[in-house]
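*Asks:*
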Amino acid sequence: MAGQEIEKLIKLIAKLPSLGTRSARRIVLQLIKKREALMLPLLESLREVSEGIKTCEICGNYDTSSPCSVCCSPAKDASVICVVQDVADLWAMERVSQFRGKYHVLGGILSALDGISPEDLNIEPLLARVQSGEIKEIILAMPATVDGQITSHYMLSKLKQYDVKVSSLAQGIPMGAELDYMDEGTIQLALNSRKIL
Numbered sequence: 010m011a012g013q014e015i016e017k018l019i020k021l022i023a024k025l026p027s028l029g030t031r032s033a034r035r036i037v038l039q040l041i042k043k044r045e046a047l048m049l050p051l052l053e054s055l056r057e058v059s060e061g062i063k064t065c066e067i068c069g070n071y072d073t074s075s076p077c078s079v080c081c082s083p084a085k086d087a088s089v090i091c092v093v094q095d096v097a098d099l100w101a102m103e104r105v106s107q108f109r110g111k112y113h114v115l116g117g118i119l120s121a122l123d124g125i126s127p128e129d130l131n132i133e134p135l136l137a138r139v140q141s142g143e144i145k146e147i148i149l150a151m152p153a154t155v156d157g158q159i160t161s162h163y164m165l166s167k168l169k170q171y172d173v174k175v176s177s178l179a180q181g182i183p184m185g186a187e188l189d190y191m192d193e194g195t196i197q198l199a200l201n202s203r204k205i206l
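Take the sequence shown: its position 178, counting from 1, is numbered 187 in the numbering used here, and each next residue is one higher.
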């Protein structure tokens, strides 16, 4: 059996998504076996990220600068904004490398069951971006769940007062699925087949 410090590390790693105690134990063993090659660089990287991480003041992405590298990219079309539930969804869209617009992270979706109301989401900053007059299209990339659809309908009702085209990802993404778990081909197909709402 491992010592207290090692067991504590195993328990912390097991708290990460998709990892259980067994996987965490294997990870910790690898880190210990390869301290110089893995553990020490990981420690240094975790420290750097912990000290330097910022939330983008424009879109809500995580980066070491604010505005983030996506918002500052001259290759991105500032007239198109893809609205996503979470930063993981933004990163999933960026993995596809097909979307040329910018993003807005809501920080969740509406959920009566979880007590999440519009005031809990990052909606007002999005409306302020639309009011600037530079935005031509909003793509609602909400999860294909009941709460995701409710959030899309609410967002559509708020955006109707502005002169902006509102579209959503095509239904190629299965009901109940989240962007972070989709492969690049599925995300690309859904993005290319988006529809006007």
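Cβ coordinates follow ideal geometry from the N, Cα and C atoms, glycine included.
1. Have a look at M102 and I196 and give me their C-alpha separation to the nearest angstrom.
2. By alpha-carbon positions, which one of V114, Q94, Q140, S54 ends up nearest to S120?
3. Going by DSSP, what residue range makes up the alpha helix (DSSP H) through K20?
4. Kindly indicate which residue of L168, Y190, G12 has the alpha-carbon position closest to the one of V92.
5. For V58, count neighbouring C-beta atoms within 10 Å of its own C-beta (all shown protein chains included) and say buried if the count is 16 or more, exposed if not.
6. I'd like to confirm the pairing. Which residues does DSSP put opposite A150 in its beta bridges?
7. Name the two residues that bound the continuous beta strand (DSSP E) containing Y208.
8. Given this structure, state the Cα-to-Cα distance separating I22 from A33, to the nearest angstrom.
*Replies:* This is what the structure holds:
1. Residue mapping note: residue 102 aligns to position 93 of the sequence shown, counting from 1. Residue mapping note: residue 196 aligns to position 187 of the sequence shown, counting from 1. If you take the alpha carbons of M102 and I196, they lie about 7 Å apart.
2. In the sequence shown, counting from the first residue as 1, residue 120 sits at position 111. Nearest C-alpha to S120: Q94.
3. For the purposes of this step, residue 20 is taken as residue 11 along the sequence shown, with counting starting at 1. Per DSSP, K20 belongs to the alpha helix (DSSP H) from 13-23.
4. As a first step, residue 92 is located in the sequence shown; it is residue number 83 there, counting from the start. Selection L168, Y190, G12 evaluated against V92 yields L168 as nearest (Cα-Cα).
5. Position 49 of the sequence shown holds residue 58. That one is exposed.
6. Taking the first residue of the sequence shown as position 1, residue 150 is located at position 141. BP columns for A150 point to V93.
7. Nothing in the structure corresponds to residue 208, since the chain is present only between 10 and 206.
8. Your numbering for residue 22 matches position 13 in the sequence shown. Your numbering for residue 33 matches position 24 in the sequence shown. Cα to Cα, I22 sits roughly 5 Å from A33.
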